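Quick mapping for you: the protein sequence lines, in order, are chains A and B.
Under the working numbering, the first sequence has 88 at position 88, and the numbering climbs by one with no breaks.
Under the working numbering, the second sequence has 1071 at position 71, and the numbering climbs by one with no breaks.
Cβ atoms here follow ideal geometry from the backbone N, Cα and C, with glycine treated the same way.
Just so we're clear, the structure is a prediction, and the values are computed from it rather than from any experiment.
Everything on this sheet refers to the single structure shown next.
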Amino acid sequence: MNTDCLVAVFDSKELAQQAVHVLDRGDFPTDQVSLVATGLPDPPHLAEDLSLQDDSGRAAAIGAGLGAIVGVLAGIAVTMVSGLGLVFLAGPIGGGLVGATTGGFLGGLSGWGVHGERIRHYEKLVKAGKVLVIAHGNPGELARAQRMLGETNPDEMHMYGAADTEVPGAGV
Amino acid sequence: MAHDAFCQRLQRAVGILVSEKDRVKERLLVAYASQLSNVDPARDVPEALLGEFDEIRYALSDAGMPYGYGEHAARKLNNMTEDEASQLARRIFALSLRAQERISASV
């Protein structure tokens, strides 16, 4: 399994959705794409739906918050972060949620080579309302993703390798 | 990427321009970022089409160009009028047709 990843930061959910759409149309495997967002409209009764594990209510609520992304990315998890509210994790990063509870809500990024200081940086950005689009894959796939996402003008973008090092010059 | 792959990229870009429902600027961004940004002009584009492709590319993104201002497609499109964006879309259609004609003529 490839553990390199590319993290792009966007100012809004709409811009991030557009970036995911670009990756999808560019044939980047969407099961290798994740999106992290908060500050979405809090659908009525979502907290109750989650606690009751009411899948239909949960799916409808998530759809209301993330729109078409629901149909593109593989799986969605929602977590309640103290002092922040609901955080949506769409795509494979949602699968790392349980293991991430001790390392903050983005602790799952460590499995893709993002080190602790950068994870905290991204958590701060998400708390400030930014939206993350994360692609993981082999270096060739990520170079293509970087080229495509670069055109969508993210606030910042960095590539990380399995050796837990930031790729020099990969930022925007 | 061979010339026929370039042709396919153009066709897919045209497909995005005609099939999606967003504003033309948004469609252009998706078409450029997902398809045309992956074209290597020196390797992929037939010489007869290179000038037109370079002009379209420069109008949409000069980030990778040595004589550009480092502006990516999202920023360039944001500064463009709807008419300018529509004109660019038409140029991509026309270039796609020319590329297809070249492929057809060579078989």
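Judging by CA-CA distance, which residue of A:Gln146, A:Lys130 and A:Arg25 is the nearest neighbour of Gly1064 of chain B?
The sequence position of residue 1064 of chain B within the second sequence is 64, counting from 1. The shortest C-alpha separation from Gly1064 of chain B is found at A:Gln146.
Quick check on Ala1033 of chain B - is its C-beta less than 8 Å from some C-beta in chain A?
As a first step, residue 1033 of chain B is located in the second sequence; it is residue number 33 there, counting from the start. Cβ-Cβ to chain A under 8 Å: yes for Ala1033 of chain B.
Which value, in whole angstroms, describes the spacing of the CA atoms of Gly104 of chain A and Leu132 of chain A?
Here residue 104 of chain A refers to the residue found at position 104 of the first sequence. Here residue 132 of chain A refers to the residue found at position 132 of the first sequence. Roughly 15 Å separates the two Cα atoms.
What does His1003 of chain B reach in chain A if we use C-beta pairs closer than 7 Å?
Your numbering for residue 1003 of chain B matches position 3 in the second sequence. Under the 7 Å cutoff, chain A gives no residues; its nearest Cβ is about 20 Å from His1003 of chain B.
With distances taken from CA atoms, which of A:Met80, A:Arg144, A:Thr38 and A:Val81 is nearest Asp11 of chain A?
Here residue 11 of chain A refers to the residue found at position 11 of the first sequence. Ranking A:Met80, A:Arg144, A:Thr38 and A:Val81 by Cα distance to Asp11 of chain A puts A:Thr38 first.
Quick check on the burial criterion: 16 or more other C-beta atoms within 10 angstroms. Buried or exposed for Glu123 of chain A?
What you label residue 123 of chain A is simply residue 123 of the first sequence in a count that begins at 1. Buried, because 16 or more other Cβ atoms sit within 10 Å of the Cβ of Glu123 of chain A.
Just checking: is the beta-carbon of Gln17 of chain A within a distance shorter than 8 Å of some beta-carbon in chain B?
Within the first sequence, the letter at position 17 stands for residue 17 of chain A. Not one chain B Cβ lies under 8 Å of Gln17 of chain A.
Hey, Met148 of chain A and Ser1061 of chain B: beta-carbon distance below 8 Å or not?
The count along the first sequence starts at 1 and reaches residue 148 of chain A at position 148. The count along the second sequence starts at 1 and reaches residue 1061 of chain B at position 61. Not closer than 8 Å, so no.
Tell me the DSSP secondary structure of Gly91 of chain A in three-state form.
What you label residue 91 of chain A is simply residue 91 of the first sequence in a count that begins at 1. Note: Gly91 of chain A maps to coil in three-state DSSP.
DSSP three-state label for Gly1015 of chain B, please.
Sequence index remark: in the second sequence, residue 1015 of chain B carries index 15 (1-based). Reduced to three states, the DSSP call for Gly1015 of chain B is helix.
Going by DSSP in three states, Ser110 of chain A sits in which element: helix, strand or coil?
Locating residue 110 of chain A in the first sequence gives position 110, where the first residue counts as 1. Looking at Ser110 of chain A - three-state DSSP - the assignment turns out to be helix.
Using 8 Å as the threshold, is the C-beta distance between Lys127 of chain A and Leu86 of chain A below it?
For the purposes of this step, residue 127 of chain A is taken as residue 127 along the first sequence, with counting starting at 1. For the purposes of this step, residue 86 of chain A is taken as residue 86 along the first sequence, with counting starting at 1. Cβ distance not < 8 Å, so Lys127 of chain A and Leu86 of chain A don't count as in contact.
Run down chain A in chain order and give the residues with a C-beta less than 8 Å from the C-beta of Val1030 of chain B.
Taking the second sequence and counting its residues from 1, the one referred to as residue 1030 of chain B is at position 30. The answer, in chain order, is Gln18, His21, Val22 and Arg25.
Quick check on this structure: which residue in A:Cys5, A:Ala16, A:Leu142 and A:Asp4 has the alpha carbon closest to the alpha carbon of Val36 of chain A?
Against the first sequence, residue 36 of chain A aligns to sequence position 36. For the options A:Cys5, A:Ala16, A:Leu142 and A:Asp4, the alpha carbon positioned closest to that of Val36 of chain A is the one of A:Ala16.
Is there a Cβ from chain A that is less than 8 Å from the Cβ of Glu1026 of chain B?
Your numbering for residue 1026 of chain B matches position 26 in the second sequence. Under the Cβ distance rule, Glu1026 of chain B counts among the residues neighbouring chain A, one pair being separated by less than 8 Å.
In whole angstroms, give me the CA-to-CA distance for Gly113 of chain A and Thr3 of chain A.
Locating residue 113 of chain A in the first sequence gives position 113, counting from the first residue. Locating residue 3 of chain A in the first sequence gives position 3, counting from the first residue. Each residue's Cα considered, the two are about 7 Å apart.
Given this structure, state the Cα-to-Cα distance separating Arg1009 of chain B from Gly150 of chain A, to the nearest angstrom.
Position 9 of the second sequence, counted from the start, is the residue given in the question as residue 1009 of chain B. Position 150 of the first sequence, counted from the start, is the residue given in the question as residue 150 of chain A. Cα to Cα, Arg1009 of chain B sits roughly 18 Å from Gly150 of chain A.
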